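Just so we're aligned, residue 1 is where the sequence shown starts under full-length UniProt numbering, counting upward by one.
Note that the Cβ used here is the ideal one computed from N, Cα and C, for glycine as well.
Since the structure is predicted, the reported quantities are computational estimates derived from the model, not experimental observations.
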Amino acid sequence: MKKFWFSLIFCFLLTPSLLVSAFGQTPVYVDMEYIIIRPSDEGTVALMHMTSVKNLLEEEYKGDGQSKTVLTVNIPKGATNLQVHDNSLGMTEINSGFTTTKAIPAKESIILPYSYWLENSKDGIEFQYPYPVQAMQILVPEKSGSLMIQGLEYTIQDLFEFEGQKYYGYNIAGIAEDQPFTVIYDQEKQPSPDQIQAAIDENATTANKENAESDNAALGDITHSAPVFHNPGHIRMWYQSPLSGFEPHVLMIVLAVILLGGTGYYSYFRWKGKLLEDQRLSDKEEQAFLLLINKRKAIMDKIEELEENYTDGQISDEDYQKKLEAFKHHLLQVKLNLQKYTE
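As structure tokens, this is what we get:
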């Protein structure tokens with residue numbers, strides 16, 4: 001489990017200067033992209049994205065100046081029921097996806113949480129990002145199928161557990177602007193143990209070769225260990241980065257919370273920004289916030305279940321209205337309690 005989070009943190013913290021040299025003089029780039037793929041009850045495939053877009057400029061980024069559009073987000077062809085879970089972004093839906101009008105502060109990131117449904121095709125899901133992507137991880141719940149990615153090199157992360165659910169992770173690094181790639185999702189075929197072990201062995205072989213060629217003396221006084229997925233250069237960048245002094249569990253929570261799905265992305269990352277500015281927040285406050293997120297998700301699940309029972313005629317109109325009002329009341333209380341963290 002620790003190796004899983006460390007591998008994400010290392011990918012996430014590659015320095016902007018290195019990214020510019022790799023992708024060219026781009027003012028903005030996607031520093032981290034998470035996608036959760038799972039089958040939906042309607043027979044389609046549900047995809048949830050959490051996209052972090054970084055502004056490299058010393059000034060606020062407001063787009064190319066040709067229009068009010070700041071960012072353009074492409075979604076796969078055939079996607080339906082697009083939902084953007086942050087009303088402050090100034091979202092406008094277009095044929096290829098959506099645009100935003102919210103400016104990105106200098107040297108800061110903005111979070112784009114959104115979701116949609118797709119018909120699962122044997123030809124796969126085609127992606128093409130209008131900005132360079134530093135690191136991407138696609139997550140598939142256990143027993144929900146497996147992925148094959150065409151057009152990019154990728155590694156497979158063994159099963160890890162969060163909130164009682166186990167996931168497989170597919171890791172990608174260094175996607176160029178407008179580079180097309182295809183994700184083929186097989187809902188019936190699970191990743192084989194041999195496939196996972198082969199990926200782990202390949203990562204270990206590559207890392208050992210890199211380590212042997214690296215100048216170990218350049219590591220200085222760094223004595224911390226790290227997963228074999230990373231070479232000493234990555235280790236050095238981590239300990240020289242501005243985030244190296246933060247509490248490790250805070251960064252782990254930041255990465256873990258996206259698995260809760262839905263609008264929890266938006267609320268948590270606004271709160272996370274405040275947390276990184278003021279490290280005096282206590283562990284109890286962190287736990288209280290996450291408990292509220294979990295409670296909100298549980299209430300929404302109950303409302304969905306109630307709607308299904310009512311549609312199927314399992315409860316009367318009177319019981320339906322009574323229970324719905326009770327759930328709405330509890331949901332309102334949770335939202336009011338969340339406001340102190342997100343405003």
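Start-to-end residues for the beta strand (DSSP E) that takes in residue i
i	result
Thr80	Thr80 to Val84
Glu93	Thr92 to Ile94
Thr101	Thr101 -> no beta strand (DSSP E), and no H or E assigned at all.
Tyr116	Ser109 to Leu118
Pro39	Val28 to Pro39
Lys62	Segment: none, Lys62 is in no beta strand (DSSP E) and carries neither H nor E.
Val133	Val133 to Pro141
Thr182	Pro180 to Asp186
Residue i in three-state terms, based on DSSP
i	result
Glu126	strand
Ala298	helix
Ala288	helix
Asp319	helix
Ser146	strand
Lys166	strand
Ser88	helix
Thr51	strand
Thr69	coil
Ile172	strand
Gln333	helix
Asn211	Any reading at Asn211 needs caution, since the residue's pLDDT is 46, under 50, leaving its predicted position unreliable; the model's value is listed next. Asn211: helix per DSSP, three-state reduction.
Thr223	Its pLDDT being 42, under 50, Thr223 is placed unreliably in this model, and the value from its coordinates should be taken loosely. Coil.
Ile293	helix
Thr44	coil
Straight-line gap, residue i to residue j (C-alpha atoms, nearest Å)
i	j	result
Asn87	Pro193	42 Å
residue 345	Met50	Residue 345 is absent from the structure shown; the chain starts at 1 and stops at 343.
Asp301	Arg38	17 Å
Thr100	Glu126	22 Å
Lys107	Lys297	32 Å
Phe289	Leu338	7 Å
Ile149	Gln157	14 Å
Ile172	Tyr154	5 Å
Tyr266	Leu324	Because Tyr266 carries a pLDDT of 42, less than 50, the predicted location of this residue cannot be relied on, and the following value inherits that uncertainty. Each residue's Cα considered, the two are about 25 Å apart.
Tyr34	Ile299	25 Å
Asp178	Tyr29	12 Å
His330	Asn309	20 Å
Proximity test, residue i beta-carbon vs the ligand ATP heavy atom, cut-off 7 Å
i	result
Phe327	You won't find the ligand ATP in this model; it holds no ligand whatsoever.
Buried versus exposed call for residue i [16 or more other C-beta atoms within 10 Å across all chains shown]
i	result
Glu58	exposed
Ile175	buried
Lys340	exposed
Leu152	buried
Asp317	exposed
Leu336	exposed
Pro76	buried
Ile94	exposed
Gln314	exposed
Ser40	exposed
Asp31	buried
Lys189	exposed
Gly78	exposed
Ser67	exposed
Gly145	buried
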